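Asker: Residue numbers (my numbering): 12 to 402.
Just dropping this structure here.
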């Protein structure tokens, strides 16, 4: 492990070096989480750079998407078809703890950088592969972007209005899920290495990751023999658990047990609903949700969202207005939890970039560099190589 030249304060992953061959979103999201926690992430790019350098939105020709996902890293441009540059990679691997790549299966082997070969040469290396469908399986060779993973995982099929079309959700959750599980798998492999001295090959598929993030649907499908369908903004099993219209917008409410339902009925001025046999259990409330929704909407239609959320929250019932993304990031909750931190960019000046969400005792948040320019850190990264190895 090496001292991180970027992080000046002690963080959980200080001293961990990551050689990052990933691009676009899933892999870079994984390594960004590690950079947030102090890892020295060296981003290895082709001459044209990560594809996300060329995807908007842009500010002064700088991709803001790239800035968000590659915060806190260093960059070097290498040609993986060049024997000389492969030699540089091998030299860097001498002091590397983790290698992360998200090429299609077989590509790294073509470069002479496959998992089996490198783990034989560097037994302590944790080698992480992130791909659409994994290193094995019927679809292993298929290309995939987030929408393909959402479509094939079943997520799109259960998202949207009951009488509408399958719907893609508003964030690239397939990519993010893959990146998150890749970071988790990396931490497990590093912990295991601390006991055995040996690294592992960590194989992460976006399809596997997103499918695994739907446990309610898995329960119904695998054990219940059910076929989940689209339910719009209603819960598929509970009620009232969803969004409802007020006089000036919509609000969300979550009632998951009989005690909360009785309290809810008191708040909306209809205590008799708690004794109505149609609503005497969670299952029955879901079965008779249209009749229940009608009563709720009569009450809510005469009140503002603020009035509704205030009265429900005061009674201990989970409720909220529907915030925009901008409102969520600007909220006191997000600010006080440090979900974003400020970095200084040489062209764009001060930027607020996302921060990984987990808080660790005695570990500072923030204090990172902005995303690197292409090949900006090559001299520093290659500083330890002999002259013959850098030519």
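By construction, the Cβ of each residue, glycine as well, lies at the ideal position given by its N, Cα and C atoms.
All of these numbers come straight from a predicted model, not from anything done at the bench.
Can you list, in chain order, the residues of its chain with a C-beta nearer than 7 Å to that of residue 183? Leave out the 5 residues immediately preceding and following it.
Answerer: Closer than 7 Å at Cβ, skipping near neighbours: 36 and 157.
Asker: Terminal residues of the continuous beta strand (DSSP E) containing residue 330?
Answerer: Start and end: 330-332.
Asker: CB-CB under 6 Å to residue 185, same chain, minus the five flanking residues each way: which ones, in chain order?
Answerer: Taken in chain order, the residues that qualify are 157, 160, 161, 217 and 221.
Asker: With a CB to CB cut of under 8 Å and the five nearest residues on each side skipped, what residues in its chain are close to residue 74?
Answerer: Counting only Cβ-Cβ distances below 8 Å, and skipping sequence neighbours, we find 63, 64, 65, 66, 67 and 68.
Asker: Rounded to the nearest angstrom, what separates residue 369 and residue 44 at their Cα positions?
Answerer: Straight-line Cα distance between these residues: approximately 10 Å.
Asker: Which of the three DSSP states is assigned to residue 19 in this structure?
Answerer: Only weak support is given to the placement of residue 19: the predicted model assigns it a pLDDT of 49, under 50, and the value that follows is read from those uncertain coordinates. Note: residue 19 maps to coil in three-state DSSP.
Asker: Please state whether the Cβ-Cβ distance between residue 141 and residue 201 is less than 7 Å.
Answerer: No, Cβ-Cβ distance for residue 141 and residue 201 is not below 7 Å.
Asker: What is the rounded straight-line gap between the Cα of residue 248 and the Cα of residue 240?
Answerer: Looking at the two C-alpha atoms, the distance is approximately 11 Å.
Asker: With a 10 Å radius around its C-beta and 16 neighbouring C-beta atoms as the bar for buried, classify residue 235 as buried or exposed.
Answerer: Result: exposed.
Asker: Identify the continuous beta strand (DSSP E) that holds residue 213 and give its terminal residues.
Answerer: Run containing residue 213: 212-216, per the beta strand (DSSP E) assignment.
Asker: Could you name each continuous alpha helix (DSSP H) segment of 4 residues or more that falls completely within the stretch 91-175, going from the start of the chain to the end?
Answerer: Runs found: 94-104, 118-121, 126-132 and 157-164.
Asker: Could you tell me which of 373, 360, 377 and 132 sits nearest to residue 367, measuring between CA atoms?
Answerer: Among 373, 360, 377 and 132, the Cα nearest to that of residue 367 is on 377.
Asker: The alpha helix (DSSP H) with residue 392 in it runs from where to where?
Answerer: Segment 389-392, the alpha helix (DSSP H) holding residue 392.
Asker: Do you know offhand how far residue 347's Cα is from residue 115's?
Answerer: Rounded to whole angstroms, residue 347 to residue 115 spans 40 Å at the Cα level.
Asker: Work out the CA separation of residue 187 and residue 85 for me, nearest whole Å.
Answerer: Cα to Cα, residue 85 sits roughly 21 Å from residue 187.
Asker: State the DSSP-derived secondary structure class of residue 48, mapped to helix, strand or coil.
Answerer: Residue state, collapsed to three classes: coil.
Asker: Decide yes or no for the touch test of the stretch 247-265 against the stretch 308-324: beta carbon pairs closer than 8 Å, at least 3 of them.
Answerer: Contact holds: three or more Cβ-Cβ distances are below 8 Å.
Asker: Can you tell me whether residue 384 is helix, strand or coil according to DSSP?
Answerer: Coil, per DSSP.
Asker: For residue 135, is the classification buried or exposed, using 16 other Cβ atoms within 10 angstroms of its Cβ as the cut-off for buried?
Answerer: Looking at its Cβ environment, which holds fewer than 16 other Cβ atoms inside 10 Å, residue 135 is exposed.
Asker: With DSSP as the reference, label residue 39 as helix, strand or coil.
Answerer: Correct three-state label for residue 39: helix.
Asker: Tell me the residue span of the alpha helix (DSSP H) that contains residue 31.
Answerer: That residue, residue 31, is in no alpha helix (DSSP H); its beta strand (DSSP E) goes 28-32.
Asker: So what does residue 88 bridge to, in DSSP terms?
Answerer: BP columns for residue 88 point to 56.
Asker: Just how far apart, CA to CA, sit residue 176 and residue 219?
Answerer: Distance between the alpha carbons of residue 176 and residue 219 is about 24 Å.
Asker: Can you give me the C-alpha to C-alpha distance between residue 386 and residue 88, rounded to a whole angstrom?
Answerer: Answer to the nearest angstrom: the Cα atoms are 5 Å apart.
Asker: Identify every run of the beta strand (DSSP E) within the stretch 329-363, keeping only runs that are complete inside it and at least 3 residues long; order them along the chain.
Answerer: The qualifying runs are 330-332 and 351-356.
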